[in-house]
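Here the structure comes first, spelled out in structure tokens, and everything after it is commentary.
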Amino acid sequence: MSRIVVISGGLGSPSSTRVLADDILAHLRRDLADRGEAVDETVVELRELAHPIVDAMLTGFPTGDLARVVEAVAEADALVVVSPTFSASVSGLVKSFFDILDPATLTGKPVLLAATGGTERHSLMLEFAMRPLFSYLGAEPVRTAIFAATSDFGSGAAVLRERVARGAAELAEAITGRRSASRQADGFVEFEALLAG
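For what it's worth, our numbering labels the leading residue of the sequence shown as 503, then goes sequentially.
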């Protein structure tokens with residue numbers, strides 16, 4: 503069972519950020535099923551936690567629903583993080599959420615990065631803002647990051663679907679590859695114990 507947490511930083515309801523998050527999750531669910539993995543998924547709308555996030559920044563600890571989300575992120579096998587683009591960077595709400603996490607929470611965790619924005623000219627924010635942030639936090643972002651401009655939800659939908667499919671496949675591979683490596687390591691430890699016994 504793969505535990506996936508999807509963080510959606512959209513501010514509207516509905517939002518293009520959530521639409522992209524749902525599309526990625528649908529592809530990831532299929533890719534993991536093809537690899538024999540069931541999915542335990544949690545989708546988090548950060549706008550619903552905006553006030554608790556600010557409270558946690560001021561008090562130093564999350565409470566209530568936010569504490570449960572933080573725990574889910576810590577226990578997840580992988581994350582999908584989708585942020586709207588503001589001032590050529592991630593939204594303040596998304597950044598604030600990750601600021602309140604314990605520094606070791608994301609260490610070694612595979613993450614698929616995605617963002618939405620008005621035009622393609624904002625797409626580099628994935629490489630200049632999001633990827634450095636998650637690398638700093640110790641996460642392991644997959645190679646493909648997904649940017650969806652407004653036009654991608656219309657005539658450009660086919661190109662967006664290709665990016666989503668590629669990114670989801672990479673995250674699925676990262677998840678199952680880690681699980682396989684963990685099983686091999688466990689088997690090796692058991693074999694060593696058998697030899698020593």
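Where a beta carbon is used, it is the ideal one built from N, C-alpha and C, also for glycine.
For clarity, every value in this text was computed on a predicted model and none was experimentally measured.
Those residues which DSSP pairs with residue i across a bridge
i	result
residue 581	507 and 613
residue 539	In DSSP, residue 539 forms no bridge with anything.
residue 515	In the DSSP output, where bridge partners are listed per residue, residue 515 has none listed.
residue 547	510
residue 592	587
Cβ separation of residue i and residue j, assumed to be a contact under 8 Å, to the nearest whole Å
i	j	result
residue 646	residue 665	7 Å
residue 520	residue 578	Actually they are not in contact, since the Cβ atoms of residue 520 and residue 578 sit about 19 Å apart, beyond 8 Å.
residue 508	residue 523	5 Å
residue 659	residue 611	Not confirmed; about 30 Å, so no contact.
residue 582	residue 530	7 Å
residue 543	residue 527	6 Å
residue 572	residue 564	5 Å
residue 518	residue 545	Rounded, the Cβ-Cβ distance is 15 Å, inconsistent with contact.
residue 613	residue 569	21 Å between Cβ atoms; not a contact.
residue 554	residue 567	7 Å
Residue burial classification, residue i (beta-carbon count within 10 angstroms, cutoff 16)
i	result
residue 650	buried
residue 600	buried
residue 669	buried
residue 636	buried
residue 525	buried
residue 644	buried
residue 661	exposed
residue 632	buried
Residue i beta carbon near the ligand HEM (any heavy atom closer than 7 Å)
i	result
residue 562	The model depicted lacks the ligand HEM and carries no ligand whatsoever.
What runs of the alpha helix (DSSP H), each 4 residues or longer, lie entirely inside the stretch 597-672?
-> 633-638
Indicate whether the contact test is met: 3 or more Cβ pairs, each with one atom in the stretch 651-664 and one in the stretch 593-610, closer than 8 Å.
-> The stretch 651-664, when compared against the stretch 593-610, does not touch it at the 8 Å Cβ threshold.
Count the C-beta pairs between the stretch 589-599 and the stretch 621-631 that are closer than 8 Å, then say yes if the count reaches three, no if not.
-> yes
Between the stretch 536-547 and the stretch 610-621, are three or more C-beta pairs nearer than 8 Å?
-> With the cut-off at 8 Å, the stretch 536-547 and the stretch 610-621 do not touch.
For the stretch 506-520 and the stretch 537-554, state whether three or more C-beta atom pairs, one from each stretch, are separated by less than 8 Å.
-> yes
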